[in-house]
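All remarks here apply to the structure that follows.
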Amino acid sequence: MKTAIVGTGLIGGSLALALKKTGFASNIIGVDKNPDNLQKAMSLGIIDSQATLPEACQMADLIVLAIPVDAIYYILVEVLDKIHERTIVVDMGSTKSKICQLVKDHPKRQNFVASHPIAGTENAGPEAALVNLFQGKKAIICEEQRSSKPALELAISMYKTLEMNIEIMEPEIHDLHIAYVSHLSHISAFSLGLTALDMAVKEKDMFKMAGGGFSSTVRLAKSSPEMWGPIFEQNNENISAALGEYIDHLIAFKKAIDEGNTTRTKELMEKAAIIRSKI
Numbered sequence: 001m002k003t004a005i006v007g008t009g010l011i012g013g014s015l016a017l018a019l020k021k022t023g024f025a026s027n028i029i030g031v032d033k034n035p036d037n038l039q040k041a042m043s044l045g046i047i048d049s050q051a052t053l054p055e056a057c058q059m060a061d062l063i064v065l066a067i068p069v070d071a072i073y074y075i076l077v078e079v080l081d082k083i084h085e086r087t088i089v090v091d092m093g094s095t096k097s098k099i100c101q102l103v104k105d106h107p108k109r110q111n112f113v114a115s116h117p118i119a120g121t122e123n124a125g126p127e128a129a130l131v132n133l134f135q136g137k138k139a140i141i142c143e144e145q146r147s148s149k150p151a152l153e154l155a156i157s158m159y160k161t162l163e164m165n166i167e168i169m170e171p172e173i174h175d176l177h178i179a180y181v182s183h184l185s186h187i188s189a190f191s192l193g194l195t196a197l198d199m200a201v202k203e204k205d206m207f208k209m210a211g212g213g214f215s216s217t218v219r220l221a222k223s224s225p226e227m228w229g230p231i232f233e234q235n236n237e238n239i240s241a242a243l244g245e246y247i248d249h250l251i252a253f254k255k256a257i258d259e260g261n262t263t264r265t266k267e268l269m270e271k272a273a274i275i276r277s278k279i
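Position 49 of the sequence shown, counted from 1, bears residue number 49 in UniProt numbering, the numbering being contiguous throughout.
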């Protein structure tokens with residue numbers, strides 16, 4: 001099966017490596033607006049050939065969109081317009097509502113499967129690709145009733161080949177939940193990074209004190225702004241609500257600390273520790 005992967009960075013590159021290793025795809029066509037990424041993906045053996053987007057739409061049996069969500073939004077209609085009747089398109093974006101709304105009335109909507117494999121690292125580019133990136137992680141599929149049976153079966157087969165656990169969810173619920181368990185954590189990491197960098201201007205040796213706790217918490221701040229900026233834009237209402245609640249909890253901690261109320265800080269920490277039983 002000829003598979004075109006649009007976007008040959010961390011997600012697309014990891015997908016290509018895994019699909020080739022398992023034999024799910026016999027030929028991987030790479031599409032990327034960044035020629036350096038294409039060259040790296042070719043030299044690393046991640047893809048077998050390269051093509052333009054219109055060429056890939058005519059050549060491939062399966063097209064996977066592994067690009068930032070604003071780019072998915074920009075090209076999805078064009079892709080559906082250009083594909084053959086039996087070509088299947090799967091997106092891997094981490095917001096779903098606006099993308100699903102965009103193509104809800106498209107005549108080839110049944111060829112499209114809206115999905116989100118919840119996997120990644122803070123690194124970017126083809127060189128960051130990992131063959132086992134998706135193994136054991138969750139893959140969300142949205143609006144499965146709008147996809148044709150062959151399209152849905154192929155998407156599910158692909159994710160099972162990656163050894164992912166599949167969940168079916170409506171796009172609005174997906175975007176609400178992901179705001180709290182993914183998008184908010186990235187904003188927290190970016191904010192922590194900014195706070196530490198501000199202090200480091202005055203305290204030059206401060207990062208010598210950084211241990212594992214700081215490193216693990218701020219790790220996500222190294223994530224790609226090109227990917228995360230569009231996510232924040234497309235899921236802005238849910239993220240804003242999550243941020244408001246998060247700020248309320250920060251204020252509660254600050255108030256207890258300012259007042260020297262150790263009983264209250266302990267109560268807050270004990271309440272937060274319940275998260276251990278949830279994850």
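C-beta: ideal position from N, C-alpha, C; glycine also.
Item to check | Endpoints, the alpha helix (DSSP H) within which Ala273 is located | outcome: Sequence index remark: in the sequence shown, residue 273 carries index 273 (1-based). Following the DSSP letters along the chain, one finds Ala273 in no alpha helix (DSSP H), marked with neither H nor E.
Item to check | Simplified DSSP assignment, three categories, for residue 295 | outcome: The question about residue 295 has no answer, for the chain in this structure spans 1 to 279.
Item to check | Where the beta strand (DSSP E) through Asn34 begins and ends | outcome: For the purposes of this step, residue 34 is taken as residue 34 along the sequence shown, with counting starting at 1. From DSSP, Asn34 is part of no beta strand (DSSP E); its letter is neither H nor E.
Item to check | Opening and closing residue of the alpha helix (DSSP H) in which Asn165 lies | outcome: Within the sequence shown, residue 165 is the residue found at index 165, counting from 1. No alpha helix (DSSP H) holds Asn165; the beta strand (DSSP E) holding it covers 165 to 169.
Checklist entry - In chain order, what residues of the same chain have a beta carbon less than 7 Å from the beta carbon of Pro230, not counting five sequence neighbours either side? => result In the sequence shown, residue 230 corresponds to position 230, counting from 1. For Pro230, same chain residues with a beta-carbon under 7 Å away, outside a window of 5 residues either side, are Pro68, Val69, Asp70 in chain order.
Checklist entry - Hey, would you say Lys104 sits closer than 8 Å to Ile83, going by beta carbons? => result Taking the first residue of the sequence shown as position 1, residue 104 is located at position 104. Taking the first residue of the sequence shown as position 1, residue 83 is located at position 83. Result no, Cβ atoms of Lys104 and Ile83 do not sit closer than 8 Å.
Item to check | Nearest to Ile141 (by Cα), restricted to the options Ala124, Ala210, Val131, Phe112 | outcome: Stepping through the sequence shown from its first residue, residue 141 is reached at position 141. The residue with the shortest Cα to Cα distance from Ile141 is Phe112.
Item to check | Residue ranges of each alpha helix (DSSP H) within the segment 202 to 237, 4 or longer | outcome: As far as the segment 202 to 237 is concerned, its whole alpha helix (DSSP H) runs of at least 4 residues are 212 to 218, 225 to 234.
Checklist entry - Which residues share a DSSP beta bridge with Pro117? => result On the sequence shown, residue 117 is found 117 positions in, with the first residue counted as 1. According to DSSP, Pro117 bridges with Ala139.
Checklist entry - In the DSSP assignment, what residue or residues form a beta bridge with Phe112? => result Position 112 of the sequence shown holds residue 112. Phe112 pairs with Val89.
Checklist entry - Within the present structure, is the beta-carbon of Met227 separated from the nearest heavy atom of the ligand SAM by less than 7 Å? => result The ligand SAM is not part of this structure, which contains no ligands at all.
Item to check | Three-state class that DSSP yields for Thr3 in the structure shown | outcome: Position 3 of the sequence shown, counted from the start, is the residue given in the question as residue 3. If DSSP states are grouped into helix, strand and coil, Thr3 belongs with the strands.
Next on the checklist: Let me confirm a value: Ile275 is counted as buried when at least 16 other C-beta atoms fall within 10 Å, else exposed. Which label applies?
Outcome noted: Taking the first residue of the sequence shown as position 1, residue 275 is located at position 275. So Ile275 counts as exposed.
Next on the checklist: Measuring only the C-alpha atoms, how far is Ala128 from Lys222?
Outcome noted: Residue numbering aside, residue 128 sits at position 128 when the sequence shown is read from its first letter. Residue numbering aside, residue 222 sits at position 222 when the sequence shown is read from its first letter. Taking the straight line from one Cα to the other gives about 13 Å.
Checklist entry - Are the segment 192 to 202 and the segment 235 to 254 touching by the rule of at least three beta carbon pairs closer than 8 Å? => result They do not touch, by the three-pair rule.
Checklist entry - When the Cα atoms are used, what is the spatial distance from Arg264 to Ile173? => result One-based indexing of the sequence shown puts residue 264 at position 264. One-based indexing of the sequence shown puts residue 173 at position 173. Their Cα atoms are separated by approximately 33 Å.
Item to check | Beta-bridge pairing of Gln50 - partner residues as DSSP gives them | outcome: Locating residue 50 in the sequence shown gives position 50, where the first residue counts as 1. Residue pairing by DSSP puts Gln50 in a beta bridge opposite Gly30.
Checklist entry - What are the start and end residues of the alpha helix (DSSP H) that includes Val64? => result Sequence index remark: in the sequence shown, residue 64 carries index 64 (1-based). No alpha helix (DSSP H) holds Val64; the beta strand (DSSP E) holding it covers 62 to 65.
Next on the checklist: So the candidates are Ser240, Ala155, Leu243; which of them puts its Cα closest to the Cα of Leu15?
Outcome noted: Locating residue 15 in the sequence shown gives position 15, counting from the first residue. Ranking the options by Cα distance to Leu15, first place goes to Ala155.
Item to check | Per-residue DSSP class, three states only, for Ala56 | outcome: Translated into positions along the sequence shown, residue 56 becomes position 56. DSSP places Ala56 in helix when its eight states are reduced to three.
Checklist entry - Run through DSSP, which three-state label would Ser182 get? => result For the purposes of this step, residue 182 is taken as the residue at position 182 of the sequence shown. Ser182 carries a helical assignment under DSSP once its states are collapsed to helix, strand and coil.
Item to check | Local Cβ density within 10 Å of Tyr159, reported as buried at 16 or more and exposed below that | outcome: In the sequence shown, counting from the first residue as 1, residue 159 sits at position 159. Buried, by the Cβ-count rule.
Item to check | Short Cβ contact (8 Å threshold) for Ile28 with Ile63 | outcome: Taking the sequence shown and counting its residues from 1, one reaches residue 28 at position 28. Taking the sequence shown and counting its residues from 1, one reaches residue 63 at position 63. Judged by their CB atoms, Ile28 and Ile63 are not nearer to each other than the 8 Å cut-off.
Item to check | Pair within 8 Å by beta-carbon distance, Leu239 and Leu176 | outcome: Here residue 239 is taken as the residue at index 239 of the sequence shown, counted from 1. Here residue 176 is taken as the residue at index 176 of the sequence shown, counted from 1. Sequence check: residue 239 is Ile here, not Leu. For Ile239 and Leu176, no; Cβs fall outside 8 Å.
Checklist entry - Would Ile88 be called buried (16 or more neighbouring beta carbons within 10 Å of its own) or exposed? => result What you label residue 88 is simply residue 88 of the sequence shown in a count that begins at 1. With 16 or more other Cβ atoms within 10 Å, it is buried.
Checklist entry - Assuming residue 280 and Ala41 make a contact with CB atoms under 8 Å, what is their CB distance in whole Å? => result Since the first and last residues shown for the chain are 1 and 279, residue 280 lies out of range.
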